[in-house]
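K.L.:
Residue numbers (mature numbering (1 follows the signal peptide of the UniProt record, and there is no 0)): -18 to -1, 1 to 298.
1) Hey, out of 131, 60 and 122, whose CA is closest to residue 89's CA?
2) Take residue 163 as the anchor and find which of 20, 23 and 98 has the nearest alpha-carbon.
3) Find out if the Cβ-Cβ distance for the pair residue 81, residue 168 is shorter than 8 Å.
4) Residue 73 by DSSP, collapsed to three states: which one?
5) Just the C-alpha distance for residue 141 and residue 148, rounded to the nearest angstrom, thanks.
6) To which residues of the same chain is residue 77 closer than 7 Å at the C-beta, ignoring the five residues directly before and after it?
7) Mapping DSSP to helix, strand and coil, what is residue 128?
8) Excluding the five sequence neighbours on either side, which residues of its own chain have a C-beta within less than 7 Å of the C-beta of residue 69, listed in chain order?
9) For residue 338, name the three-state secondary structure that DSSP assigns.
10) Could you tell me the distance, in whole angstroms, from the CA atom of residue 107 to the CA atom of residue 86?
11) Which first and last residues belong to the alpha helix (DSSP H) in which residue 57 is found?
12) Assuming contact is defined by CB atoms lying nearer than 8 Å, are residue 33 and residue -13 in contact in what I supplied?
13) One question on the structure: do residue 52 and residue 20 come within less than 8 Å of each other, judged by their Cβ atoms?
14) Which one of -5, 37 and 58 has the shortest CA to CA distance from residue 25?
15) Would you please state the rounded distance, in angstroms, between the beta carbons of residue 159 and residue 117? I believe it to be under 8 Å.
16) Mark residue 6 as exposed unless 16 or more other C-beta atoms lie within 10 angstroms of its C-beta, in which case mark it buried.
17) Would you identify the three-state DSSP class for residue 7, choosing helix, strand or coil?
18) Between which two residues does the alpha helix (DSSP H) containing residue -17 stretch?
19) Grab me the residues of residue -11's own chain with a C-beta within less than 7 Å of its C-beta, minus the 5 sequence neighbours each way, in chain order.
20) Below 8 Å on the Cβ atoms is my contact criterion, and I expect residue 65 with residue 10 to pass it. Report the Cβ-Cβ distance as a whole number of Å.
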């Protein structure tokens, strides 16, 4: 049972709002929004788990899925001050299943080796090293995917959420990624809420939030100025709008041309087309058709002896 399902089942709207606090939950009118606000509060302060109904606490403690979800929320939450920002961050943050796969299938040494010295610099544990691996996946595309341990690769390809995120992050602007300085910069970029015009409308500083540090509280104002040059510039406007492919194709070897998805034209199809055209033409149009055909046949057909053309870019 997921953390969101547990919170929605065991807490009323009033209890969710009370758990979240006014600042985090301002403008949360639906149950889904209220669960997001409460989840943000739990991510900022694990101690708030003790304020949940006893049965809800037991359900969370007994659910590996809920534990993984809470861990992901904790990593995503530091720079979010309300549920709206939290939602925008979670829309593009790596899914819990991807963190789980990389943690279970890779050692710290393997993560450091795959990431490289620059991406993994100053990373002290797997919770930090994993962002070096994720950055490598974003920068090196499918080449890095095929350097993962076989079990990790097959599990990612079998998990739609994990595969979808990998496919999505491959669209990131390479120049922006190269300026992040490693795992820490990439993690901060993923944690930073993209600014929205509605932020000013819903901002509220009347209530102190113990889970939000002073530096984080000022992030909302700073991120508006800093995000634009740092955004990942995806081809799709919304990360969630990009559908996941069914599989990841092997990388094309360097120095070779990527094969076109269009099949080469068939000579038989060309001959058949000309025969059909001649047969269907009326007597009145026949001279014009013959002229057209004679022009088209004035030189050798592509792919025939004496022709400088080939039927396909990869044909030999």
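Idealized CB from N, CA, C, for every residue including glycine.
P.N.:
On the basis of the data shown:
1) 131
2) 98
3) no
4) coil
5) 11 Å
6) 143, 144 and 147
7) coil
8) 18
9) The first residue shown for the chain is -18 and the last is 298, placing residue 338 beyond what the model contains.
10) 14 Å
11) 46 to 58
12) no
13) no
14) 58
15) 7 Å
16) buried
17) helix
18) Note, residue -17: premise wrong, no alpha helix (DSSP H); not H, not E.
19) 13 and 17
20) 5 Å
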